[in-house]
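A.B. asks:
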Amino acid sequence: MNPFSLFFYLSILVAFVDGKSISHDWTVSFSQRAPLALNKQVIVINDQFPGPLLNATTNDVLNINIHNNLTEPFLMTWNGLQMRRNSWQDGVQETNCPILPGQNWTYSFQVKDQIGSFFYFPSLLVQKAAGGYGPIRVNNREVIPIPFLKPDGDIDVLIGDWYDADHRDLRAALDDGAGLGKPNGILINGLGPNQTIFEFEPGATYRLRISNVGLKTSLNFRIQDHLMLLVETEGSYTVQQSYTSLDIHVGQSYSVLVTAKNQSGGRSYYMVASSRLTDAELFGVGVIRYPDSVDLPSGPLPLGPELHDYFFSIEQARSIRWNLTAGAARPNPQGSYHYGTIDVSRTIVLQNGEIDINRHLYTVNGVSFVHSGIPLKMADYFRLDASNTGIVPDRPIDSGIWTLGTSVINANYREFYHLVFENPSPSLQTWHLDGYNFFVVGMDFGTSSWEEDMKATYNLNDAVSRSTVEVYPFGWTAVMVMLDNQGLWNLRSQDVEKWYLGQELYLRVRSIGEEDPSTIPVRDEVPIPENAILCGRITGG
0 MNPFSLFFYL SILVAFVDGK SISHDWTVSF SQRAPLALNK QVIVINDQFP GPLLNATTND
60 VLNINIHNNL TEPFLMTWNG LQMRRNSWQD GVQETNCPIL PGQNWTYSFQ VKDQIGSFFY
120 FPSLLVQKAA GGYGPIRVNN REVIPIPFLK PDGDIDVLIG DWYDADHRDL RAALDDGAGL
180 GKPNGILING LGPNQTIFEF EPGATYRLRI SNVGLKTSLN FRIQDHLMLL VETEGSYTVQ
240 QSYTSLDIHV GQSYSVLVTA KNQSGGRSYY MVASSRLTDA ELFGVGVIRY PDSVDLPSGP
300 LPLGPELHDY FFSIEQARSI RWNLTAGAAR PNPQGSYHYG TIDVSRTIVL QNGEIDINRH
360 LYTVNGVSFV HSGIPLKMAD YFRLDASNTG IVPDRPIDSG IWTLGTSVIN ANYREFYHLV
420 FENPSPSLQT WHLDGYNFFV VGMDFGTSSW EEDMKATYNL NDAVSRSTVE VYPFGWTAVM
480 VMLDNQGLWN LRSQDVEKWY LGQELYLRVR SIGEEDPSTI PVRDEVPIPE NAILCGRITG
540 G
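According to numbering that gives the first Met the number 0, the sequence shown holds residues 0 to 540 in order.
#1: When the Cα atoms are used, what is the spatial distance from A477 to F420?
#2: With a floor of 4 residues, list each alpha helix (DSSP H) that falls wholly inside the segment 374 to 421, ordered by position along the chain.
#3: Take G372 and list the residues in its own chain whose beta-carbon comes closer than 6 Å to its own, dropping the five residues that flank it on each side.
#4: Would you call H370 buried or exposed, if buried means 16 or more other Cβ atoms sit within 10 Å of its Cβ?
#5: Go through its chain and collect everything with a Cβ distance to S386's Cβ below 7 Å, but skip five positions before and after it.
#6: Straight-line CA distance for P49 to E450?
#7: In chain order, which continuous runs of the beta strand (DSSP E) of length 3 or greater are located wholly inside the segment 130 to 203?
#8: Nearest to Y205 by CA position, among G339, K149 and Q239, is which residue?
#9: What first and last residue would you give for the alpha helix (DSSP H) that runs through E450?
#10: By alpha-carbon positions, which one of V43, S426, A55 and L383 ends up nearest to K19?
#11: Let me make sure I understand the geometry here. Which of S464, W498, T456 and G434 has the alpha-carbon closest to that of Q109?
#12: Looking only at DSSP bridge pairs, what is R345 linked to?
#13: Would you decide whether T467 is buried or exposed? Buried here means 16 or more other CB atoms lie within 10 Å of its CB.
#14: In or out: Y8 buried (at least 16 other Cβ within 10 Å) or exposed?
#15: Buried or exposed: R382, going by 16 or more other Cβ atoms within 10 Å of its Cβ?
#16: Within the segment 438 to 505, note down every full beta strand (DSSP E) run reaching 3 residues or more, in order along the chain.
#17: Considering only C-alpha positions, which residue in the set Y457, T324 and L276 is nearest to S577?
#18: Distance check for L375 and P423, CA to CA, integer angstroms please.
#19: Using DSSP's beta-bridge definition, name the partner residues of N54.
#20: Y106 lies in the beta strand (DSSP E); which residues open and close that run?
#21: Taking N211 as the reference, give the member of L186, V91 and T195 with the closest Cα.
#22: Can you tell me which of the three DSSP states R221 falls into?
#23: Could you say which of Y499, G202 and N530 lies nearest to L256 if we only look at CA atoms?
#24: The beta strand (DSSP E) that contains I42, what's its start and end?
#25: Helix, strand or coil: which one does DSSP assign to T542?
#26: From the DSSP secondary-structure annotation, give me the bridge partner or partners of D355.
#27: DSSP has F48 in a bridge; who is on the other side?
#28: What's the C-alpha gap between F199 and T232?
#29: Roughly how many angstroms separate the alpha carbons of D355 and E93, rounded to a whole number?
#30: Measuring only the C-alpha atoms, how far is I400 from P528?
#31: On a Cα-Cα basis, can you pick out the residue from D155, L490 and T402 that is closest to H431?
#32: Below 8 Å on the Cβ atoms is my guess for V286 versus V271; work out the distance and round it to an integer in Å.
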């Protein structure tokens with residue numbers, strides 16, 4: 000072992016002292032299920048759909064051994080978890096070789112400087128359309144209090160659109176140039192209407208951790224005759240505000256407190272997740288029961304916002320603010336990090352687009368992502384040529400000009416970047432950055448072209464920090480991020496259709512002055528895992 004590798008292994012051991020080691024053994028397989036009307040092959044984990052809860056505390060070390068009993072290669076990614084200096088464990092196609100059928104691989108990483116609500120899901124081959132997802136909780140260390148009274152119960156609520164078609168047929172449709180089409184329904188915790196039951200005790204307070212794990216559909220979440228107090232989103236404690244309903248876009252997670260009614264029984268209540276900003280409204284329905292309540296609630300479903308009310312959605316998004324006085328992973332208040340006073344090193348404007356070549360594809364600044372046949376991170380490490388690696392321009396290019404490539408932004412470690420997402424299309428976009436949270440400093444719609452003078456509207460005091468953000472039709476969203484996590488990190492559309500067809504890129508975060516990306520694992524990162532799966536040209540294949 001060379002001196003640099005020894006140094007980093009020792010650094011990891013020192014870091015691990017504060018946390019405990021948690022091990023899981025997961026078998027990923029197909030099972031015939033009918034979440035809606037039709038049977039299909041669903042991806043289950045240890046025969047569970049959704050998969051088991053991944054429950055950890057800040058600084059814990061997670062070792063997750065995944066056995067792939069599918070007939071396809073498999074990778075799991077951890078939506079929102081920040082693995083410090085360890086993108087080797089990210090579980091996407093440019094950082095990991097896949098786990099082949101009949102094989103297993105152990106993800107091993109530390110949950111570092113983070114709390115909150117997240118989820119995991121399969122990242123390859125549109126397998127998310129078959130399930131394979133599950134909830135993640137990262138709890139506060141005992142020495143750091145949560146900024147609200149400890150709830151009487153903690154409940155994971157996974158909501159998302161669902162297609163009855165097999166994921167392989169959906170993938171083939173995308174390969175043939177067709178879209179996914181309309182989903183068949185909305186699931187709550189993997190079940191169809193009125194099948195998911197939540198038991199409430201009168202007067203108790205529950206923390207609901209709600210994630211939109213779907214493929215492409217924004218959802219509005221609400222509970223009949225119950226208010227929701229928003230307290231956290233994707234690792235940030237928020238200013239505590241009550242909502243009757245919440246828009247939750249694909250890939251986003253929220254925590255709310257719900258206080259049960261002081262009733263003596265007899266009534267149950269609807270929980271609803273309904274589609275937003277779509278041609279037709281779909282409903283996922285769960286049931287909250289109290290002791291001795293009837294099986295199903297009475298009356299109509301509680302009303303949400305108008306189906307295409309963008310003003311409701313954007314005003315709600317703007318209302319979600321960072322709780323400046325709460326401690327999270329660290330004892331000092333979140334607000335002690337004055338992001339608004341940090342000088343921006345670089346501004347990058349990223350515009351989504353679409354092109355037609357032999358099929359319909361999606362682009363970022365004119366580049367549609369293609370996999371090079373070997374993970375880019377492996378190519379960097381083993382100093383292999385990546386002839387089709389393309390550097391994404393910092394600004395959108397002229398309309399009509401496009402290219403295919405393994406899209407990369409070379410970024411400098413410990414610099415503060417300003418990213419602007421422009422959306423000139425009529426459909427809402429959501430964007431996610433692995434390995435980081437970013438500050439959502441501004442958003443608007445009605446003008447998809449961002450201009451410098453729009454910085455005057457930015458929130459530089461208490462903008463929420465999160466890892467997934469929406470961009471409204473013909474609109475823009477601006478975020479700011481400190482690049483303090485070395486490695487190769489995926490920036491993607493959370494719409495699976497757009498992601499699969501090219502709307503993603505990678506941030507290669509390295510030390511200033513490092514021209515050769517292959518030196519990253521030695522100088523800045525955790526070394527390549529001893530159990531790393533190798534593939535392609537690395538193995539002579």
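Every residue gets a Cβ at the ideal spot worked out from N, C-alpha and C, and that includes glycine.
C.D. replies: Looking at the atomic coordinates:
#1: 6 Å
#2: 375 to 380
#3: G535
#4: exposed
#5: Caution is warranted here: a pLDDT of 47 is assigned to S386, below 50, making its placement in the model unreliable, and no coordinate value can be reported.
#6: 43 Å
#7: 133 to 138, 152 to 161, 184 to 187 and 195 to 198
#8: K149
#9: Careful: E450 lies outside any alpha helix (DSSP H) and carries neither H nor E.
#10: A55
#11: G434
#12: Y416
#13: buried
#14: Low confidence applies here, because Y8 scores a pLDDT of 39, under 50, leaving its location unreliable; read the following figure in that light. When all chains shown are included, Y8 counts as exposed.
#15: exposed
#16: 467 to 470, 474 to 481 and 486 to 492
#17: Absent from the structure is residue 577, since the part of the chain shown begins at 0 and ends at 540.
#18: 30 Å
#19: R136
#20: N103 to Q109
#21: L186
#22: strand
#23: G202
#24: K39 to I44
#25: Because the chain spans 0 through 540 in this model, residue 542 falls outside it and cannot be assessed.
#26: H359
#27: Answer is none; F48 lacks a bridge partner.
#28: 23 Å
#29: 24 Å
#30: 40 Å
#31: L490
#32: Actually they are not in contact, since the Cβ atoms of V286 and V271 sit about 10 Å apart, beyond 8 Å.
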